[in-house]
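Working notes for the structure below.
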Amino acid sequence: MKYAFLADIHGNLDALQSVIRAVEDDGGIDRVCCVGDLVGYGAQPGECVALVRDLGWPVVAGNHDYAAIGNVDLSYFNPLAREAIEWTSGALAEEDKEFLGGLPLTWEEDSLVMVHGTLYEPESFGYILSELDARMMFRLLDKDFCFTGHSHYPCVFVEGKDIVFSREPEVKVETSERALVNVGGVGQPRDGDPRACWVAYDEDARTVAIHRVEYDIKEAARRIIDVGLPEPLAERLFMGT
Amino acid sequence: MCGQAHVYYSGRVQGVGFRFTAAGIARSHWVHGFVRNLPDGRVELGVEGEEDEVRACLEEVSRAMDGYIRDEDVAWSECSNDFKDFSVRY
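Protein sequences appear in the order of chains X and Y. In terms of the numbering used here, the numbers along the first sequence are unbroken and rise by one, the last being 312. In terms of the numbering used here, the numbers along the second sequence are unbroken and rise by one, the last being 132.
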């Protein structure tokens, strides 16, 4: 089976639709999965939820999804994120909130599991930013592949004799190895590359490929300004930060 | 009886997983053909097989993408036997 993983859409419908087109153009994807944060920051949260819901993808909850429905304490959100979540919560229809409220924290199939943050206390939405964080994840992982989001920074940790960090566009994981894959951000990339990001996972070949997709950033930024969200949320889209 | 349907969908039909959804549905039916995005914003779906099976496939696509389709332009013809499978074209 060949999967597409995407995460951190953050209400950016322009980016999401561009990624969907790219996944379809790939021609070989059997299943699309979403690793959370459909909403928060962007101007079209309802449209993003509706599209993902209609497509019937497996989806896990992100911290912004839970925050938008009051399931997460906002006090640890930075002021911009908090303002965006409060706006998002007001913009979402009840059926969108019900959908977000029904999302699980983890989802798994034969060879993989996906979680927005960490396998340890997934409801705390921790970050994996170091080899030590990755080591803790591998201790809890009972599959060969784990797909995460949250940091908007696409990368792969491969556990073999040691743990190796990679930002290569394609990584092959040997049968004696396991991988922890951050699938990057669709709607608000933060690795310096403003293009939307998604990851292809080929289960048979045991490869993970990071893909970048151009989208109409100007339009997405304009929409943020038009609905009255803070200007920095529009500006950062151009910088990929 | 074998039949081929060509459908042009208009509305909000690109960038919404239409091709992916249509391909998944088509592959669950005994039909061959293709689906592709057109430069004018429409999606073109060509489906061939036993007529009942083609109709069932088209109905399922219409139901699945109901909120996105504004119009469907359907033309029926005889089977061409040009398709070996169902593919997403671009």
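Where is the CB? At the ideal position from N, CA and C, for every residue including glycine. Since the structure is predicted, the reported quantities are computational estimates derived from the model, not experimental observations.
| query | result |
| --- | --- |
| Spatial neighbours of A117(Y) within its chain, please: C-beta separation below 6 Å, excluding the five flanking residues on both sides. | H48 |
| How about F125(Y): is its C-beta nearer than 9 Å to some C-beta of chain X? | no |
| Helix, strand or coil, according to DSSP, for V96(Y) in the structure here? | helix |
| Could you give the uninterrupted runs of the alpha helix (DSSP H) lying entirely in the stretch 229 to 299 of chain X, keeping only those of 4 residues or more? | 288 to 297 |
| Per DSSP, which residues does Y112(X) bridge with? Please list them. | Bridge partners of Y112(X): none, in fact. |
| Roughly how many angstroms lie between the CA atoms of I288(X) and A86(X), to the nearest whole one? | 8 Å |
| Could you please tell me which residues of the stretch 87 to 107 of chain Y, in chain order, have their CB closer than 9 Å to any CB of chain X? | A106 and M107 |
| Provide the residue span of the beta strand (DSSP E) that contains G172(X), from first to last. | Looking at the DSSP string, G172(X) is not in any beta strand (DSSP E); the run it does join, the alpha helix (DSSP H), is E165 to G172. |
| Y224(X) lies in the beta strand (DSSP E); which residues open and close that run? | Segment: none, Y224(X) is in no beta strand (DSSP E) and carries neither H nor E. |
| Around the C-beta of T177(X), are 16 or more other C-beta atoms found within 10 angstroms, so that it is buried, or is it exposed? | exposed |
| Quick one: which chain Y residues come within Cβ less than 7 Å of D125(X)? | G109 |
| May I have the straight-line CA-CA distance separating A305(X) from Y112(X), to the nearest angstrom? | 9 Å |
| For V58(Y), tell me which candidate among V123(X), L183(X), E241(X) and G98(X) has the shortest Cα-Cα distance. | V123(X) |
| Does the beta-carbon distance from V73(Y) to V85(Y) come in below 9 Å? | no |
| Assign S70(Y) to buried or exposed, taking buried as 16 or more other Cβ atoms, counted over all protein chains shown, within 10 Å of its Cβ. | exposed |
| Throw me the rounded Cβ distance for the D79(X) and D108(X) pair, which I believe falls under 8 Å. | 5 Å |
| Quick check on the burial criterion: 16 or more other C-beta atoms within 10 angstroms. Buried or exposed for G258(X)? | buried |
| What's the gap between the Cα of D108(Y) and the Cα of F170(X)? | 19 Å |
| Could you check whether P225(X) and D181(X) sit closer than 9 Å to each other, using their CB atoms as the reference points? | no |
| Would you say F62(Y) reaches chain X, if we count a Cβ-Cβ gap shorter than 9 Å as a contact? | yes |
| Indicate whether S89(X) and V254(X) have their beta-carbon atoms separated by less than 9 Å. | no |
| Should the stretch 267 to 286 of chain X be called in touch with the stretch 127 to 134 of chain X, which here means at least 3 C-beta pairs below 8 Å? | no |
| Using the beta-carbon count (16 or more within 10 Å), is P265(X) buried or exposed? | buried |
| Beta carbon of L183(X), beta carbon of C217(X): below 9 Å? | yes |
| Just checking my contact of V103(Y) with R61(Y) at CB under 8 Å: how many whole Å lie between their CB atoms? | That belief does not hold up - the Cβ atoms of V103(Y) and R61(Y) are roughly 10 Å apart, past 8 Å. |
| Counting only beta-carbon atoms, is I80(X) nearer than 9 Å to chain Y? | no |
| Rounded to whole angstroms, what is the Cα-Cα separation between D82(Y) and G53(Y)? | 11 Å |
| For C105(X), count neighbouring C-beta atoms within 10 Å of its own C-beta (all shown protein chains included) and say buried if the count is 16 or more, exposed if not. | buried |
| Just checking E154(X) against the ligand HEM - is the residue's beta carbon closer than 8 Å to any of the ligand's heavy atoms? | The ligand content of the structure shown is nil, which means the ligand HEM is not present either. |
| Could you spell out the range, first to last residue, of the alpha helix (DSSP H) harbouring G66(Y)? | F60 to R69 |
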